[in-house]
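Enquirer:
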DNA sequence: GCCAACGTTGGC
DNA sequence: GCCAACGTTGGC
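Numbering (this note's numbering), first residue to last: 1300 to 1436.
(1) Considering only the alpha carbon of each residue, which of 1390, 1333, 1403 lies closest to residue 1436?
(2) Distance check for residue 1306 and residue 1312, CA to CA, integer angstroms please.
(3) Rank 1399, 1357, 1383, 1416 by C-alpha distance to the C-alpha of residue 1345 and give the top, closest one.
(4) Name the DSSP bridge partner or partners of residue 1351?
(5) Which one of 1330, 1338, 1322 has the shortest CA to CA distance from residue 1469?
(6) Measure the C-alpha to C-alpha separation of residue 1388 and residue 1433 and round it to an integer number of angstroms.
(7) Let me know the secondary structure DSSP gives residue 1396 once reduced to three states.
(8) Comparing C-alpha positions only, which one of 1352, 1380, 1318 sits nearest to residue 1396?
(9) Assuming residue 1355 contacts residue 1310 (C-beta within less than 8 Å), just tell me the rounded distance between them.
(10) Is residue 1421 near residue 1303, with beta carbons less than 8 Å apart?
Shown next, in the form of structure tokens:
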């Protein structure tokens, strides 16, 4: 199983919105970036990911699970773009902010810190464990 | 709301 | 195939 991180602006589609979708989850659509798309193509059903609020909050607020592997993005006719489906698993006990991630030596290579504009990123197992620890999980 | 960083597009 | 122009993301 691999780990990922999904960014979303809470004003557009936040953690609460995903929770409201329940077990059937939601398409992670609208990604128009090749790197992010390639990451989604590598996802397998059952992979876990962090849900990060960009712009407002700037913190990891929850844990999601990939429930459907890459398929065409229903929001465009452009065959280049694909997306996966995710569902909310549970909120973190304590949100982990971008500042915390920046300050933690163990997370200095995390894509969240080094590649701020990438909206779907891989998370290493070591990074996952550090964030989980910071989140009080 | 600004702007830096980055990705993409298109002219040459 | 280079690079200038442009668009978008996201931190501040």
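Even glycine gets a Cβ: it sits at the ideal position worked out from N, Cα and C.
Please read these numbers as outputs of a predicted model, since none were measured by experiment.
Expert: In this structure, then:
(1) 1390
(2) 10 Å
(3) 1383
(4) 1306, 1359
(5) The chain is shown from 1300 up to 1436; residue 1469 falls before or after that span and cannot be answered.
(6) 18 Å
(7) strand
(8) 1352
(9) 6 Å
(10) yes
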